[in-house]
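Undergrad:
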DNA sequence: TGACTTAGTAGCAATTTTGTACTATGATAA
DNA sequence: TTATCATAGTACAAAATTGCTACTAAGTCA
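Protein chains in written order, with the working numbering: chain B, -8 to 206; chain G, -8 to 206.
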């Protein structure tokens, strides 16, 4: 923070990695670009930062404009500032990751041109992405994996009422490894409480529904 | 990342939290402001991001210009973008934290106006800082505490050859709690190797010197 | 009604963490 | 030259956690 030398030619963008889990796969919301560089490619939903909004507000706006979602989990990820990230101008991107369960996302009536794409596929390189967005997603995916163990982000991927097998699956997908049922339950039980309801209708024993316990 | 609407009035700054441990206390490098807002107050060393440099290069420049230090540990911390952070103009600050052992810092011949200040004192509010820098330091100090357990940052605070009691002290200061000698040694021993030298001259049993083991 | 499939639990073995108590060694001072 | 001091370093048991296996439970479906 020093003398701001007159006019600045550096743009500030805010991009969002909106993750969800659907069909037992980690997926991310991407938008199809309609403009000049990388036209037709998928990219992260992003906005140019306005002078009148904070970074987080810009991230919320980005999510809201594309998907209609409000009040979802949103946390800053990293800021990317390589020189040639954007061919148009020097752009610094502050990235956020957002998490939601797929139910909310379906219900929110997203734009056309908004797609849910498998993160694994993207990392394998299948849909090639605009800018450096593949690298950003790779970074975000790794952070997500690390965060599972020392935070409660897993709950963001399930609805308010969920079964323990559902929640366990979320952990397994984020961690990339299978967990033992008995241990998972011992670990998670202090954090949840039964709602009294059951999830029935499956061709096997029904499971209890839980909610997240306060504090 | 979207249409960059003509001229932008948002400045990008890069500020650095340069931590070290001296006299058994976590300290941070601050500079005394010589200019308009908060003149005379302490502030984090920072620079305005240049169009021709990456964020990390700007952070390195900030460290080098103030302290002369090169090639030190540097990692991005967080990006702050509240509206009223800087009274002069809307400024987004990308912050980095840097770590060094106090020996290097002394040897580097820092500027006048560069001070090493106790982080605990700052958090208690003693030297009041410019801008939102106290909050930034608080955030950085917490992250540092968390990082100790799943990274090797503690090694950055000691010289190449160090004793295990020295290294343990670093852990204790960063974690804010005392560790059991025996446990600490079991935990750390796979990461270090003896140099064959001893640190002698103390009025008690001398201790072996170690270095960090490769990979 | 019995087979199937997943939900949920019991409990032991292996490992890690926590904690205490001991021995070791150079400097210092009588 | 020897006892004392202060910290370095080690041994080992108790407690907690994790890893793993094997069981019982309860709906649906043929």
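Where a beta carbon is used, it is the ideal one built from N, C-alpha and C, also for glycine. On a predicted model such as this, the values are computed, not experimentally measured, just so you know.
Under 7 Å, CB to CB, which of the residues in the region 67 to 80 of chain B have a partner in chain G?
TA: If the cut-off is 7 Å between Cβ atoms, the region 67 to 80 of chain B has 67, 69, 70, 72, 73, 74, 77, 79, 80 near chain G.
Undergrad: Given that a residue counts as buried once 16 or more other Cβ atoms are within 10 Å of its Cβ, and exposed if not, what is residue 147(B)?
TA: Taking the first residue of the first chain as 1, we reach residue 147(B) at position 156. Buried.
Undergrad: Tell me residue 203(B)'s beta-bridge partners as DSSP assigns them.
TA: Position 212 of the first chain, counting from 1, holds the residue named residue 203(B). According to DSSP, which records beta bridges pairwise, residue 203(B) is partnered with 183(B).
Undergrad: By how many angstroms is the C-alpha of residue 71(B) removed from the C-alpha of residue 22(B)?
TA: To locate residue 22(B), count along the first chain from 1; it is residue 31. To locate residue 71(B), count along the first chain from 1; it is residue 80. For residue 22(B) and residue 71(B), the distance between alpha carbons rounds to 19 Å.
Undergrad: Residues of chain B with CB closer than 7 Å to the CB of residue 42(G), please, in chain order.
TA: For the purposes of this step, residue 42(G) is taken as residue 51 along the second chain, with counting starting at 1. Chain B residues near residue 42(G): 0, 1, 81.
Undergrad: So residue 46(G) contacts chain B; which residues on that side make the cut at Cβ distance below 9 Å?
TA: Residue numbering aside, residue 46(G) sits at position 55 when the second chain is read from its first letter. Simply 70, 71, 72, 73, 83.
Undergrad: Could you check whether the region 114 to 130 of chain G touches the region 176 to 189 of chain G, counting it as contact only if at least three pairs of C-beta atoms, one from each stretch, sit closer than 8 Å?
TA: No contact exists between the region 114 to 130 of chain G and the region 176 to 189 of chain G.
Undergrad: Mapping the DSSP letters down to three states, classify residue 145(G) as helix, strand or coil.
TA: Against the second chain, residue 145(G) aligns to sequence position 154. The answer is helix: DSSP assigns residue 145(G) an H, G or I state.
Undergrad: Helix, strand or coil, according to DSSP, for residue 62(B) in the structure here?
TA: By one-based count along the first chain, residue 62(B) stands at place 71. It is coil, neither helix nor strand.
Undergrad: Please identify the residue among 5(B), 6(B), 3(B), 10(B) whose C-alpha is closest to the C-alpha of residue 165(B).
TA: Taking the first residue of the first chain as 1, we reach residue 165(B) at position 174. The option with the nearest alpha carbon to residue 165(B) is 10(B).
Undergrad: Is residue 152(G) closer than 8 Å to residue 1(B) when the C-beta atoms are compared?
TA: Here the question's residue 1(B) lines up with position 10 in the first chain. Here the question's residue 152(G) lines up with position 161 in the second chain. For residue 1(B) and residue 152(G), no; Cβs fall outside 8 Å.
Undergrad: I think residue 88(B) touches residue 8(B), with their Cβ atoms under 8 Å apart; what is that distance to the nearest whole Å?
TA: On the first chain, residue 88(B) is found 97 positions in, with the first residue counted as 1. On the first chain, residue 8(B) is found 17 positions in, with the first residue counted as 1. The Cβ separation is near 4 Å, so the contact holds.
Undergrad: In this structure, does DSSP put residue 174(G) in helix, strand or coil?
TA: Start at 1 with the first residue of the second chain, and residue 174(G) comes out as number 183. Residue 174(G): helix per DSSP, three-state reduction.
Undergrad: Going by the DSSP bridge assignment, what does residue 154(G) pair with across the sheet?
TA: Your numbering for residue 154(G) matches position 163 in the second chain. DSSP, once it has assigned bridges, lists 200(G) as partnering residue 154(G).
Undergrad: DSSP puts residue 193(G) in a beta bridge; with which residues?
TA: For the purposes of this step, residue 193(G) is taken as residue 202 along the second chain, with counting starting at 1. BP columns for residue 193(G) are empty, so no partner.
Undergrad: Could you check which residue in 4(G), 117(G), 162(G), 187(G) has the C-alpha nearest to that of residue 175(G)?
TA: Along the second chain, one-based indexing puts residue 175(G) at 184. Ranking the options by Cα distance to residue 175(G), first place goes to 162(G).
Undergrad: Going by CA-CA distance only, name the one from 121(G), 12(G), 6(G), 26(G) that's closest to residue 65(G).
TA: As a working mapping, residue 65(G) is identified with position 74 in the second chain. Out of 121(G), 12(G), 6(G), 26(G), 6(G) has the C-alpha closest to the C-alpha of residue 65(G).
Undergrad: Would you decide whether residue 171(G) is buried or exposed? Buried here means 16 or more other CB atoms lie within 10 Å of its CB.
TA: Counting from one through the second chain, the residue named residue 171(G) turns up at place 180. Exposed.
Undergrad: Between the alpha carbons of residue 202(B) and residue 14(G), how many angstroms are there, rounded?
TA: Start at 1 with the first residue of the first chain, and residue 202(B) comes out as number 211. Start at 1 with the first residue of the second chain, and residue 14(G) comes out as number 23. The alpha-carbon atoms of residue 202(B) and residue 14(G) are separated by roughly 49 Å.
Undergrad: Check whether the Cβ atoms of residue 101(G) and residue 59(G) sit closer than 8 Å, and answer yes or no.
TA: For the purposes of this step, residue 101(G) is taken as the residue at position 110 of the second chain. For the purposes of this step, residue 59(G) is taken as the residue at position 68 of the second chain. Yes.
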